[in-house]
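A.B. asks: Encoded as structure tokens, here's the structure I'll be asking about.
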Amino acid sequence: MAIIELKQVDYQIDDKKILDSIDLAVEPNDYLTITGPSGSGKSTVLLLMAQMATATAGNLYYNQTDIAELNPVEYRREVSYCVQRPALFGETVADNLKFPAEVRGVEFDQTRAVDLLTKVQLPASMMDEKIIDISGGERQRIGLLRHLMYVPKVLLLDEITTGLDAENKAIVWNLIQAVHNEDQVTIISVTHDQQEIDSAKKMIQIIEGRIGK
């Protein structure tokens, strides 16, 4: 049974069709890599899955329920969408890692936060760092960790290692592989990264808004 499924999905802006008749079923604990040329519609697939855009035609299902019928807040706690340049807010790193607990109305788990920081080779003292003072690579790692303070069922990744050097890229992917293998998180990753493409377990290519044959 698919955890996320798209059936005959179209997406169009004015007279420009971005996606055309997309059929896609993602099984629980899949690690699906989505590739294709720039502008082919790859990221739009993730936006639809994240409920950040609405299909022009067709249906999207989460655990066999049309996502249009689901509570958006509850859905986004289970299906988390992470982008290349995450918007960080507040003054400090701690403000961002505390946010998931705040929206749930529960106590912040500092032990979890420090453990995650350690897994991406950042010190516990990073919690007190001001957002304006951290590097681009650190911002990307903190953005990812914010999504992992509470483990989602599905993690949508939109080219999250683009712009990272080889060392930071390896750190990020090691964490994602651990989340996938240890926590049974379903991963759907849009990428141009050749190393990720070469190691893909399952892969589709989107070309001009359609899944390639």
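Position 96 (the sequence shown) corresponds to 96 in UniProt numbering; numbering is contiguous.
Glycine included, C-beta positions come from ideal geometry on N, C-alpha and C.
Buried or exposed for residue 1, going by 16 or more other Cβ atoms inside 10 Å?
C.D. replies: Exposed: under 16 other Cβ atoms inside 10 Å.
A.B. asks: Determine the burial state of residue 49: buried for a count of at least 16 other Cβ atoms within 10 Å of its Cβ, exposed for fewer.
C.D. replies: Residue 49 comes out buried.
A.B. asks: Quick one: which unbroken alpha helix (DSSP H) runs of 4-plus residues sit fully inside the region 35 to 78? Chain order, please.
C.D. replies: Fully enclosed alpha helix (DSSP H) runs of 4 or longer: 42 to 49 and 72 to 78.
A.B. asks: Which residues mark the beginning and the end of the beta strand (DSSP E) in which residue 10 is found?
C.D. replies: 4 to 13 is the span of the beta strand (DSSP E), which, as asked, contains residue 10.
A.B. asks: Taking the C-alpha atoms as reference points, what is the distance between residue 279 and residue 93?
C.D. replies: Any property of residue 279 remains undetermined from this structure, which presents the chain solely from 1 to 213.
A.B. asks: For residue 112 and residue 9, I'd like the C-alpha separation in whole angstroms.
C.D. replies: Spanning the two alpha carbons is a distance of roughly 38 Å.
A.B. asks: The beta strand (DSSP E) spanning residue 202 covers which residue range?
C.D. replies: Element bounds for residue 202: 202 to 207.
A.B. asks: With a Cβ-Cβ cutoff of 7 Å, do residue 53 and residue 46 count as a contact?
C.D. replies: Contact: no.
A.B. asks: Quick check: residue 217 and residue 190, are their CB atoms within less than 7 Å of each other?
C.D. replies: This structure gives no information on residue 217, because the portion of the chain shown stretches from 1 to 213.
A.B. asks: Please state whether DSSP places residue 23 in a helix, a strand or coil.
C.D. replies: Strand, per DSSP.
A.B. asks: Identify the continuous beta strand (DSSP E) that holds residue 158 and give its terminal residues.
C.D. replies: Unbroken beta strand (DSSP E) run through residue 158: 154 to 158.
A.B. asks: Using a Cβ-Cβ cutoff of less than 8 Å, which residues in the same chain neighbour residue 58 once the five nearest sequence positions on both sides are dropped?
C.D. replies: Excluding sequence neighbours, residue 58 sits near 6, 7, 8, 9, 10, 21 and 22.
A.B. asks: Under a Cβ-count criterion, where at least 16 other Cβ atoms within 10 Å of its own Cβ denotes burial, should residue 181 be classed as buried or exposed?
C.D. replies: Exposed, since its Cβ has fewer than 16 Cβ neighbours within 10 Å.
A.B. asks: Please report the residue range of the alpha helix (DSSP H) in which residue 188 lies.
C.D. replies: No alpha helix (DSSP H) contains residue 188, which is instead part of the beta strand (DSSP E) from 186 to 190.
A.B. asks: If you pair each beta-carbon of the region 58 to 68 with each one of the region 196 to 210, do three or more pairs fall below 8 Å?
C.D. replies: Verdict: no, contact absent.
A.B. asks: Pairing CB atoms from the region 190 to 203 with CB atoms from the region 33 to 45, are three or more of them under 8 Å?
C.D. replies: Yes, they touch.
A.B. asks: Would you say residue 171 and residue 120 are within 7 Å of each other, going by their C-beta atoms?
C.D. replies: In contact: residue 171 and residue 120 (Cβ atoms closer than 7 Å).
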